[in-house]
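If you read the sequence shown in numbering that gives the first Met the number 0, its first letter stands for residue 0, the second for the next number, and so on. C-beta atoms are modelled at their ideal positions from N, C-alpha and C, and glycine is treated no differently. Okay, structure first, notes after.
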Amino acid sequence: MGRIGPVFIFEDEKYENFLPLVWLRPVFDLRVGILTIFEKWYKKLGEIEGVFLRSYLSKLVKEMYPEIRVNEGIRPGTKVLLINGRTLPPEDISVFDDVEEETLFVSNKGEVVAFYGYFDEYEGIIDTGRLREKEVKELRIDVEVLNYLWDTIKINGEEIIKDFNIIGNSGIHAPISQKVALLGNEIFVAEGVRLYPNVVIDAEEGPVYIDKNVTVLPNAFLKGPLYVGEGSIIKVGAKIYEDVSIGPVCKVGGEVEATIIHSYSNKQHDGFLGHSYVGTWVNIGADTNTSDLRNNYGSVKIIFKGERFDTGMQFLGSMIGDHTKSGINTMFNTGTIVGVFSNIFDAGFPPKFIPSFSWGGRHGFVTHELEKAIATARRVMKRRKVELSTNYEEVIRKVFELTQKERDEAGVS
């Protein structure tokens, strides 16, 4: 048995379905469960040769993954395995072993999962329609392909369990006070973790993975399936319920349920955050609340590509882009989408779609000036000892241009 390759992960034409969380990152950098999509494939395959994605992200992604090729053409005459970056790896990765003839891998629902064979030199997004045009063998495999951002929220608990089984073994690798209550067996506590007295960790209905150097302050309740990323802090009295992924270097308090917080974001204070996806460098103000259930218990509708769209989900909160801030007592309605670099405040519910680089609330928005947005980002990142690189700044400027249309259509002055 041998793995076919070299392996490339690509973005396809549906990346727009994952905005605003992918304005500043490729689709395969989304966190689902414990790991990002890229990390899941790397764990399964052991090596990734390169990636194809939107050209304006190339230099920034090269910073993120310095060891791989980014938007570098494939040598003619080379058979490669191209993997769709919004696909989660199958349970049985051996489906990609010892494939001799050119093959198009599709999901049971007909989505393009991967292609193995000869592929001309290419740079940027790969159109799956182009792959379908190839007259090659088609093989259906049992695999999850994400179609919309909110799909990540829907399956996050299941993915925490799968990732735990891949990377985690139950075990306590840090001193634990006798006043910490551990319920269930699937609990992993890494080196450098500090659990204060009266913390309760409940893994009876799903695993709990607490990564290196996490601090959990007194009286916090943590229920699995749950992941808490390296260097994060769980505040006093926090109530972290099932299906939550908290990425590295976050500060989280209050009440959180069925939510993904990518990394480097704060929700330190009281307030409810449920069935939501929060990007990086987000700050959620005190007593900010997200509604995730309609009063009539119907499916949640969102504003998607300028039109009302039925997600088919009974529970769905907010999807909040990178570098966005909410003021104290902000209230987000069910199915609210907030772009990157927005600042939300004011009494009452703001609109269910807030364009990127918007400043305001229920009574209207103005444009968050680009230079001021960048200056704030630089200050915020410096506090965590992270430099706002030239490549990152170039991406921010490009995204400001790309999002001008949505501000114009929303009447942002």
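Beta carbon of residue i, beta carbon of residue j: below 9 Å?
i           : j           : result
residue 194 : residue 145 : no
residue 220 : residue 198 : yes
residue 122 : residue 38  : no
residue 96  : residue 3   : yes
residue 59  : residue 388 : yes
residue 329 : residue 359 : no
residue 302 : residue 277 : no
residue 33  : residue 158 : yes
residue 53  : residue 14  : yes
residue 326 : residue 287 : yes
residue 320 : residue 408 : no
residue 362 : residue 342 : no
residue 339 : residue 80  : no
residue 17  : residue 226 : no
residue 216 : residue 232 : yes
residue 173 : residue 200 : no
residue 390 : residue 78  : no
Do you know how far the Cα of residue j is from the Cα of residue i?
i           : j           : result
residue 0   : residue 135 : In this prediction, residue 0 scores a pLDDT of 37, lower than 50, which makes its location untrustworthy; the coordinate-derived value is nonetheless stated afterwards. Whole-angstrom Cα-Cα distance: 22 Å.
residue 230 : residue 129 : 43 Å
residue 291 : residue 262 : 22 Å
residue 43  : residue 351 : 38 Å
residue 112 : residue 149 : 19 Å
residue 8   : residue 25  : 10 Å
residue 182 : residue 282 : 31 Å
residue 430 : residue 395 : Residue 430 lies beyond the residue range present for the chain, which begins at 0 and ends at 412; the question has no answer from this structure.
residue 12  : residue 109 : 16 Å
residue 94  : residue 65  : 28 Å
residue 354 : residue 178 : 47 Å
residue 296 : residue 332 : 14 Å
residue 74  : residue 5   : 11 Å
residue 241 : residue 209 : 14 Å
residue 76  : residue 35  : 31 Å
residue 254 : residue 313 : 19 Å
residue 272 : residue 251 : 10 Å
residue 85  : residue 224 : 22 Å
residue 106 : residue 48  : 23 Å
residue 402 : residue 115 : 35 Å
residue 168 : residue 237 : 25 Å
residue 243 : residue 258 : 5 Å
residue 90  : residue 139 : 14 Å
residue 404 : residue 98  : 45 Å
residue 117 : residue 347 : 56 Å
residue 189 : residue 207 : 11 Å
residue 266 : residue 337 : 16 Å
residue 364 : residue 410 : 8 Å
residue 412 : residue 406 : 8 Å
residue 349 : residue 28  : 29 Å
residue 171 : residue 187 : 6 Å
residue 92  : residue 10  : 20 Å
residue 393 : residue 371 : 15 Å
residue 293 : residue 40  : 36 Å
residue 324 : residue 153 : 24 Å
residue 50  : residue 196 : 45 Å
residue 307 : residue 357 : 21 Å
residue 318 : residue 246 : 16 Å
residue 335 : residue 176 : 41 Å
residue 103 : residue 397 : 34 Å
residue 268 : residue 46  : 40 Å
residue 160 : residue 385 : 31 Å
I believe residue i touches residue j by the beta-carbon criterion, under 8 Å. Please report the beta-carbon distance rounded to the nearest angstrom.
i           : j           : result
residue 274 : residue 311 : In fact, because the Cβ distance is near 13 Å, the residues do not count as touching under 8 Å.
residue 228 : residue 156 : Rounded, the Cβ-Cβ distance is 16 Å, inconsistent with contact.
residue 151 : residue 31  : 5 Å
residue 377 : residue 248 : Between residue 248 and residue 377 the Cβ distance is about 17 Å, and since that is not below 8 Å, they are no contact.
residue 212 : residue 192 : 7 Å
residue 133 : residue 101 : 7 Å
Check whether chain D comes within 9 Å of residue i, counting only Cβ atoms and requiring the distance to be less than that.
i          : result
residue 26 : Chain labels in this structure do not include chain D; a single protein chain is all it has.
Considering only DSSP beta bridges, list what residue i is partnered with.
i           : result
residue 256 : 273
residue 170 : 187
residue 208 : 187, 226
residue 7   : 49, 81
residue 289 : 331
residue 250 : 232, 265
residue 215 : 194, 233
residue 68  : 49
residue 243 : 225
At 4 residues or longer, and completely inside the stretch 306-393: list those alpha helix (DSSP H) runs for me, N to C.
Within the stretch 306-393, the alpha helix (DSSP H) runs of at least 4 residues that lie entirely inside it are, in chain order, 369-382.
Enumerated in chain order, which unbroken segments of the beta strand (DSSP E) with a length of 3 residues or greater are wholly contained in the stretch 92-163?
Whole beta strand (DSSP E) segments, 3+ residues: 102-106, 111-117, 136-140.
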